[in-house]
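If you're matching positions, the sequence shown starts at 4 in the numbering used here and goes up one per residue. No residue lacks a Cβ here, since even glycine has one placed at the ideal position from N, Cα and C. All values derive from a computational prediction rather than experimental measurement. Accompanying notes for the structure given below.
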Amino acid sequence: MAGAEALTDLVLLQSTSRPEAWHEWFLEQDLQSVSAYHGPRFDTFYMALSAAQAGCGVALVPRYLAAKELADGSLVVPWNHAMRSAGAHYLAYAEHAAEVPKVRALVEWIHEQLKA
4 MAGAEALTDL VLLQSTSRPE AWHEWFLEQD LQSVSAYHGP RFDTFYMALS
54 AAQAGCGVAL VPRYLAAKEL ADGSLVVPWN HAMRSAGAHY LAYAEHAAEV
104 PKVRALVEWI HEQLKA
């Protein structure tokens, strides 16, 4: 496709957890799209990824969730415009679980991932 404006003619796969994502993506590139809020809606990013792999449309998901599919070529990034998420994620666990080896390993892994 020639440019990101070509997305306005494609089926945009929507995420119910981020209903404004496509609208914001278009705005960041100074593009208007009446279809930014239209398209099939999925409860999870993984469902949207599966629909994209099946050829149902274009999904807008966090890159780390599609790393395997991007690496094996079953999905591609047609326009390399990444958005910063305005949301935050929190890791919560019971205070007494702080020394449980599995919990400690997860916390350490998350810290390492955030450094990357």
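Straight-line gap, residue i to residue j (C-alpha atoms, nearest Å)
i: ALA69; j: LEU15; result: 16 Å
i: TRP112; j: TYR67; result: 15 Å
i: SER53; j: ALA85; result: 20 Å
i: LEU78; j: ALA55; result: 8 Å
i: PHE45; j: HIS26; result: 16 Å
Three-way DSSP call (helix, strand, coil) for residue i in this model
i: LEU117; result: helix
i: VAL64; result: coil
Under 8 Å between C-beta atoms of residue i and residue j
i: TYR93; j: VAL106; result: no
i: PRO43; j: CYS59; result: yes
Status (buried if at least 16 other CB within 10 Å, exposed otherwise) for residue i
i: ALA74; result: exposed
i: LEU10; result: buried
Counting beta carbon pairs with one atom in the stretch 62 to 78 and one in the stretch 15 to 24, are three or more of them shorter than 8 Å? Under the three-pair Cβ rule at 8 Å, the stretch 15 to 24 counts as touching the stretch 62 to 78.
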